[in-house]
Structure formats: C-alpha cells, structure tokens
Amino acid sequence: MAKAQTARRWAQTARELDPLRAVWRLFTSVRWALILLAFLALAGLLGVLLPQIPGTVRGDGAAVADWLDVQRGKFGVFTDPFYRLGFFDVFHARWFAAGLGLLVVSVTVCTANRFFPIWRTIRHPRRRVPETYFQRAHHRVEFATPADPLALEGVLRRRRYRVERFQEGETTYLFADRYSWAQLGTFVSHLALILFIGGALVSKFTGFSEDMFVGEGTTAPVFAVSNPNQMQVRVVDTVARFDPQGQPLDYRSELAIYRGGEEVKHCTTTVNGPCAYGGYRFHQAAYFGFGAELQVRDLRSGNAIYNEVLALTDFMPAPHVIIRDGAGGTLMDATLVLTDFVETAYGTTVTIPGTDRTMWIGVRPDGSSGRLDLLFFEPGQDPDAVRLLLPEGQRAGAGGLGFEFVSLQRLPASFEPDFPLPPGEATDSTQGQVLLEMSNVVYGVEETSSGKAVAVSTQSGPPTLSVVGIGPVVLNLEPGQAASVGDYEYTFLGQREFAGIKVKRDRSDNLIWVATGLLLMGLGITFYVPRRRVWAKITPERTYLAGMAGHLANLRKEMGKLGAEAGSPDAAQEEERDGSP
Amino acid sequence: MDEPPPTPEHGDVDEAPQRRRAWAGPWRSVVLPLVVVAAIVGAIWYIEARGLPFVESGSSADSGGYGPLALPPDRNATGQDPSPAQGRAAPDFLLETLDGGTLRLSDLQGKAVLVNFWATWCRPCRSEVPHLVAAYERYRQEGLEIVAVNLQEDKDTVARFVDEFGMQFPVVIDRSGDVAEEYRAIGIPTSVFIDRSGVVRSIYTGPFVGQQSRQDIEESDLAQRIEEILR
Chain S
-18 MAKAQTARRW AQTARELDPL RAVWRLFTSV RWALILLAFL ALAGLLGVLL PQIPGTVRGD
42 GAAVADWLDV QRGKFGVFTD PFYRLGFFDV FHARWFAAGL GLLVVSVTVC TANRFFPIWR
102 TIRHPRRRVP ETYFQRAHHR VEFATPADPL ALEGVLRRRR YRVERFQEGE TTYLFADRYS
162 WAQLGTFVSH LALILFIGGA LVSKFTGFSE DMFVGEGTTA PVFAVSNPNQ MQVRVVDTVA
222 RFDPQGQPLD YRSELAIYRG GEEVKHCTTT VNGPCAYGGY RFHQAAYFGF GAELQVRDLR
282 SGNAIYNEVL ALTDFMPAPH VIIRDGAGGT LMDATLVLTD FVETAYGTTV TIPGTDRTMW
342 IGVRPDGSSG RLDLLFFEPG QDPDAVRLLL PEGQRAGAGG LGFEFVSLQR LPASFEPDFP
402 LPPGEATDST QGQVLLEMSN VVYGVEETSS GKAVAVSTQS GPPTLSVVGI GPVVLNLEPG
462 QAASVGDYEY TFLGQREFAG IKVKRDRSDN LIWVATGLLL MGLGITFYVP RRRVWAKITP
522 ERTYLAGMAG HLANLRKEMG KLGAEAGSPD AAQEEERDGS P
Chain L
170 MDEPPPTPEH GDVDEAPQRR RAWAGPWRSV VLPLVVVAAI VGAIWYIEAR GLPFVESGSS
230 ADSGGYGPLA LPPDRNATGQ DPSPAQGRAA PDFLLETLDG GTLRLSDLQG KAVLVNFWAT
290 WCRPCRSEVP HLVAAYERYR QEGLEIVAVN LQEDKDTVAR FVDEFGMQFP VVIDRSGDVA
350 EEYRAIGIPT SVFIDRSGVV RSIYTGPFVG QQSRQDIEES DLAQRIEEIL R
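Each protein sequence line maps, in turn, to chains S and L.
Going by my numbering, the first residue of the first sequence is number -18, and it counts up by one from there.
Going by my numbering, the first residue of the second sequence is number 170, and it counts up by one from there.
Printed below as a string of structure tokens:
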C-alpha cells in the first residue's frame, strides 16, 4: 500500500516536472496573460513618456550618438543604461517584440485549451441534470406549480428559448437554451487580440515609410535607385489655404504617380485624404511656400545647363524704411532687399527718389543685445552727410531728411554653393556662393496660388527674385524675366511651392480594421447577447428551476419572473429577491 | 416530446466551461495551439505577400523584352563571363530609345562607349549632364558614344529634359531597372567606361563636375577616362 502511494507520488512529481506540461500550464494561465498585458502596457507607457530615437536617426551609429548626447542633458547617468535596455526605442526593442509574441502564444493556447469544452456545451448540451442540481445550482428557484403546468414552456418559447420537454410519470422536465452560440464571443475577442498583435508585427517588419519633399513640377523617386517596384511622384500642383489670420486651413497636392515608365495614377492628396496606389498611400504631410524655379542657359549652345526648383529655406533681414523730406512729404516707403555684405552688416545702396542723394542703408547687429539696428550711411565729407543708427520702430532726422525704421521683415533666401557662374565671373561678396532672395512672396492669405502678394512683400507687384553674387550686379527678376551675364542667361521661371509627401505602406491597416471589427463584435456578443440555459423540473405541486448565465446576469430574478409570467402564485416572491441563494 | 434522456445520477453540470482545462495530451494541448498560431502567421504572410483582393495592387514593370541580354561569345573579347568590373566584358542589354527604336550595347562595339545611369529627379545627374553634353561634342568625332540609361522614368519627362539640356547622344529607358541592377548601379549617376572591344575600363559613381569650356573638359577626370577608352 505504502509502495503504491509512493509510486503515485513519484508519478505526480514527474508529471509536474514535465517541462512540456509546465510550459503548457504557464500559457493556459489567465494570470500569465494578464501579466503579459500589463508588461506590454507598461512598455507602451514607457515608449510614450520617454523620447524615442527618430526613424531618420535609427541605424546610423554617429547620428544615434549625437541624439544620445542631447538626451544626456535630461537623463544624465541613466542615458546609456536606458539606451542599452532599449527604453529609447521601445517599439523596436527585441524584448517588446518577444512580449507580443508570448502574448500571441498565450492567447492562442488559452483559446485552443478552452475551445473544445465550450464547443461541446454548445453542440451537445446536457439536457438532463441530476436531481441534486436543483438543490445545489448557483442560480436556482422553486415556486408553486402554475395551474397550467405547460405555461412555463410557453413563456420560455416567447422569450426565444429553444425548449425540449421530457415526461417521467407525473413529472415534466424542460431543457431551455437561448443564444448558446454567444459563448463563442470570447473567442472572437481573442482572435481580434491576436490580429492586433499580428498587425503590429506586420507593421514592424514589413511596413514602409518615406518622407519626400517635392517642388511643384518636379519628380522624386519613392525607393532607392533601382528597385523593381520603383515609383516616381510628380507634384503637379500644391496649394495651401489660410484663414484671414494666416492660420493654415488645408494643404493639398495634385500628384502624378509613375511606375515602369507609365503614369499609373493621377490624384489629389490632402492631409486626411491620401492618394493610394499599389498598397502605398501618399499623404500630404507638409507644405512649404517659398520656392523659386530658376533656369540657366548657355547662350553659346542654347542648351540649358541648370534648371532647379530651389527651396528658399533661409531668411534674410529686410527693413521697412520710410524717408521723408524736410516738409514731411514721403520720398521713399519700401522694404529693402539687402544685397551687400560689409563685415557684420547687410545693406544696399539706395538713391533717394526725387533727390540726387545716394546712401548705403543696411542692418547691423547691436553689440550687446544682438538686435538689428538700421544704419544709414551717406558717402562723402559733407558735414551734413547722414550717419545714423536707428533701432526698430524709431525715427530721426539727419541731413535735412526724416528717417523711420518701421519694422524688420524677413525674406525667404538661400545660399547656393553650386550655382553656375559664367566663365570668368567669380562671386566675391557671398564667399563663393550665390544668394537668392525672394520678395513679394505670395503666402499667408487665402489660397497661395491665387497670386495675391502679401506679408513679406517689399512693394506691390509680382514675386521678385534677387540673385546676388553673379558679378558685381544684382539680378532682380520677375517671373519669366531673364538677364544675361557673360555667356549665360538667367531666367526666373516663377515662385514654386513644395509638398511634403509621406509615402507609407502598411498592410497591417487591413488587419487592424478586421481586428477592430472582430473585437467590437466579440465584446458585443459577450456583453449584450443574453445567453441563458435553464433546466426545469415540474411536479404537480412544485416547480424547480436551475440555470446558467453570464457573470453579470441575475438569473435567479429572471427565473422568478418566468414563474410569475407562467402563473405561479408565489414566484413573484422569488422575483423580488435579489441575488443568488 | 422527445425521448427522455437518462437522468444522470452522478456528475456535476459544467457551469464554467471557459475555465482552464486539464492537460489533454500533447496533440490537443501543444500541437493544436501551434497549428492555430501557424495558421494565423500563414494568413498574415499570405496577406502581406499577395495583398487583399480589394486593395489596389501595382505590379512591377513589364520589361517587354527589354533588359539585360546574353553577350554573344564572338563579341566577348575577354573569354570570361560579362561583369560590370574592370577588365571584364560589359554586360549586354537591349533598351528602348526615346524615339521608339532600340539600342543594343554590343552593337556599339568598335566605338568607345560611356554608359551613364541617370534620372531627371537626381540633382547630381542634372548637374553632370552639361559636362556629358560638352564631352560628347568634344569627342564624338574620335569615336565616343554616350548611352544615357534613364532609370524607370516616363518618356515625356525624359524627352522634355533631353530637349532642354541638348542631349544629342542616345537616351534609353530602363523601365524595369534590370539593367541598372545588372550593372550594380546602387547610386546614380554611375558612369561605365567601355573600350572599343566592349571591355569595361573603369567605373565611376558620382557626378563629373566642372565648367563647360572645352579646355576644362580636356583637363577633367571625365576626359582622362574617355581618352583611355578611345585609345
């Protein structure tokens, strides 16, 4: 006997030590699934609260090191440990992916483990229960049998129960079942969870995202050089709309998408309404209004040697100046495009209209504050020559004239290092680069393509491009206007806008939609489909009911109602009693 | 009324079939969950690889008979397989020209050939084109041919650019990108210098830059490489 007990204990121990069973026990545990969910939620919180390495930096060791240096100011000695633990790249960390994978396995094992018993109770329910069940069931009631013993069956059928009746002597047994398939609702929710995680993994491992910055009339490739699925995106037109306060209302672009040398899609993309082709979505992600298209032609051959749409991403100061005569009459009211560089000052030579006086007007940083002051300098030895320094917003008189520095504006500008210069010409004032400045820029009111000049205008008129650094002369070009320097002809073809286009492919989108639908369906079934299973034992004197329902149902009360509806004289008492016995 | 099933004397009614079940053997407890996981992974893989039927799918470019070709043995001066490497026979290809004709690289044997991979969207390529135009003007009489292989762009865009920049040499379009792939052009512009016998003499990735005067051209790296294949 003792030997047999020892053998059984050993067998039990061996079963518990079986690694397969141990793993199985772990993955069938709801507690383990909850721990995994909590872990992933915590990791997600970490990924939201801590700064994450930007996608453009990830994979570039030097760039990551620079990024970490910036973070060191905030996280100090914890920066490196956090980085090594993957806290700065949570959603790409292996431990995060492992957590997701474990959760998939856990949910799947739990589901598979519970599916067959539940399926069995749906397909082959127990139609008779032991007599003792009517005394022990969690949900049970008893009441005086109604005058019509079959009334209960009718009530159940009216309440959409499927009813089977059995007779044994004077006792009638009922088995009533309603919406038994609703027990599968939890599986639908589980499947949704698996698809959510699957979607995350699909997105992580196969997703594609590329940011493009494309000027109007130009094309950019989606992929690196030669890719069998290469596509090009041409921005035919891009438009921004603004409210009267200058706040952006809408960005949209007309796109042409090419593949294999053919235009395969022509569409309009907006911030919320992307173009789609070939599983890729082309979102309008940004807008930039300060661009200029410039062409350079070699007059000897007639060929273009340069044609670029340039983004003027820098800004140059442009002072708004008013000069008055002695009587207070306005001689000049203009915003100046500064084209000369003298040490720390930017300026330009201006001939005052209506006079023969010429002076150099520019801005110079104040030594202590760094504020830009306006400098008026009239050449010559005349004691009345103007030498004036004015802060913004102030006015003063000198040399018989009144000067006012109204405001300091900014002009879109760009320094172009590889700009073609006519043979023999050299830049001097801009350190070997050509400076492009655009005034009368169309921006900030209504629709930018409407042609209305606003905000950073120097005077009324079309956008004007100033090209500084091609020889001694500044070229001021209006759209379509050309100027020749040496053998080259420079033509400003017009202001151009840029569209920021984000190209994305994420097939997980479809999975996520399916998963969302399944989750809603699963939760809906679980919480709102009133599945019930009731057994009844009807004797001539008493009727006994026992049943099963979801956790939130008060089946006892419901069964009391059933009895009352069937005509039982004392079932109403059961109905009024709340809760289970 | 149904035949009454026997009343069970023993055994409880399973009020919680959703609770954890006992170990049901390796098939049901291990293999089945694994099969379910595999089915889900397989479905995701299928969706990823094939796409969903309601998702508009783009197909990769049809080469239409254009692309890399086998180099005829009588045109291979090296006796080795063609390869985009110095001292090896240049891989042959057939591509469509802008005017709708065709160009086969091996048909150009006897001339020095500069195969230039480029695209209008590539700024370094655009800056290089005037130098190629100048070099072509300078050396075409001596037997230089430049083949500008455009990468996968549409004909109209390329034709506009070619016209504007005065590209007089043949421009062909590699619609599928297979020729660029064959030449391992991982960045553009890439220039392959091929001598009169069809052998690659040098490969240069990046733009040739400088001024466009004839004197500058003759002193440039581009000219030195051209003169090497003209010899």
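The C-beta atom is built at its ideal place from N, Cα and C for all residues, glycine as well.
Cβ of residue i within 9 Å of any chain L Cβ
i	result
Ala22(S)	no
Gly548(S)	no
Leu1(S)	yes
Val86(S)	yes
Asp279(S)	yes
Ile175(S)	yes
Ala285(S)	yes
Trp(-9)(S)	no
Phe63(S)	no
Phe8(S)	yes
Glu235(S)	no
Proximity test, Cβ basis, 9 Å: residue i and chain S
i	result
Val328(L)	The sequence given here has Ala at residue 328(L), not Val. Judged by the 9 Å Cβ criterion, Ala328(L) is not in contact with chain S.
Ala392(L)	no
Val199(L)	yes
Leu320(L)	yes
Pro463(L)	With chain L covering 170 to 400 only, the question about residue 463(L) has no answer from this structure.
Ala288(L)	yes
Ile398(L)	no
Ser252(L)	no
Arg295(L)	yes
Val378(L)	yes
Asp268(L)	no
Arg292(L)	yes
Gly356(L)	yes
Residue range of the beta strand (DSSP E) that includes residue i
i	result
Val51(S)	From DSSP, Val51(S) is part of no beta strand (DSSP E) but of the alpha helix (DSSP H) over Gly42 to Phe56.
Gln476(S)	Tyr469 to Arg486
Arg138(S)	No beta strand (DSSP E) holds Arg138(S); the alpha helix (DSSP H) holding it covers Ala132 to Arg139.
Val183(S)	Not the beta strand (DSSP E): Val183(S) falls in the alpha helix (DSSP H), residues Gly166 to Thr187.
Classification of residue i by the beta-carbon crowding that lies within 10 angstroms, buried from 16 upward
i	result
Trp196(L)	exposed
Arg278(S)	buried
Tyr471(S)	buried
Asp551(S)	exposed
Gly28(S)	buried
His264(S)	buried
Asp61(S)	exposed
Thr355(L)	The question names Thr, but residue 355(L) is Ile in the sequence shown. Ile355(L) should be labelled exposed.
Ser184(S)	buried
Phe59(S)	exposed
Ala205(S)	exposed
Gln211(S)	buried
Thr563(S)	There is simply no residue 563(S) to check, as chain S begins at -18 and stops at 562 in what is shown.
Tyr509(S)	exposed
Asp325(L)	exposed
Lys485(S)	buried
Start-to-end residues for the alpha helix (DSSP H) that takes in residue i
i	result
Trp196(L)	Where Trp196(L) is concerned, there is no enclosing alpha helix (DSSP H), given that its DSSP letter is neither H nor E.
Glu306(L)	Arg292 to Tyr308
Leu502(S)	Rather than Leu, the amino acid found at residue 502(S) in this sequence is Met. From DSSP, the alpha helix (DSSP H) with Met502(S) extends over Ser489 to Tyr509.
Phe20(S)	Val11 to Leu30
Leu84(S)	Arg75 to Arg104
Ala119(L)	A query on residue 119(L) cannot be resolved here, the shown segment of chain L reaching from 170 to 400 and no further.
Glu333(L)	Lys324 to Phe334
Ala354(L)	Run containing Ala354(L): none; DSSP gives neither H nor E here.
Interface flag, residue i vs chain C, CB-CB below 9 Å
i	result
Gly236(L)	Here the protein chains are S and L, and chain C is not one of them.
Against chain L, which members of the segment 380 to 410 of chain S pass a CB distance test of less than 9 Å? In summary, the residues of the segment 380 to 410 of chain S whose CB is separated from some CB of chain L by less than 9 Å are Asp399, Pro401, Leu402 and Pro404, in the order they occur in the chain.
Please identify, using Cβ separations under 7 Å, the residues of the segment 331 to 353 of chain L that lie next to chain S, in order along the chain. Of all residues in the segment 331 to 353 of chain L, the ones placed with a Cβ closer than 7 Å to any Cβ belonging to chain S are Glu333, Phe334, Gly335, Ile342, Arg344, Ser345, Gly346, Ala349 and Glu350, in chain order.
Looking at chain L, which residues of the segment 204 to 222 of chain S have a Cβ within less than 8 Å of any of its Cβ atoms? Against chain L - using a Cβ distance shorter than 8 Å - the residues of the segment 204 to 222 of chain S are Ala205, Val206, Ser207, Asn208, Pro209, Asn210, Gln211, Met212, Gln213 and Arg215.
Output needed in chain order: residues of the segment 183 to 206 of chain S with a Cβ under 8 Å from some Cβ in chain L. If the cut-off is 8 Å between Cβ atoms, the segment 183 to 206 of chain S has Val183, Thr187, Thr199, Thr200, Ala201, Pro202, Ala205 and Val206 near chain L.
Listed from N- to C-terminal order along the chain, which residues in the segment 237 to 249 of chain S have their beta-carbon within a distance smaller than 7 Å of any beta-carbon of chain L? The segment 237 to 249 of chain S vs chain L, Cβ under 7 Å: Tyr239, Arg240, Gly241, Gly242, Glu243, Glu244 and Val245.
Output needed in chain order: residues of the segment 463 to 487 of chain S with a Cβ under 7 Å from some Cβ in chain L. Listed by position along the chain: nothing, the set is empty.
Residues within the segment 92 to 106 of chain S neighbouring chain L, beta-carbon criterion of under 8 Å: Hits within the stretch, in order: Thr92, Ala93, Asn94, Arg95, Phe97, Pro98, Ile99, Arg101 and Thr102.
Runs of 3 residues minimum, wholly inside the segment 261 to 331 of chain S: which ones carry the beta strand (DSSP E) assignment? Whole beta strand (DSSP E) segments, 3+ residues: 261 to 279, 285 to 292, 295 to 305, 311 to 316 and 321 to 323.
The segment 201 to 214 of chain L: positions lying closer than 7 Å to chain S by Cβ: The residues in question are Leu201, Pro202, Val205, Val206, Ile209 and Ile213.
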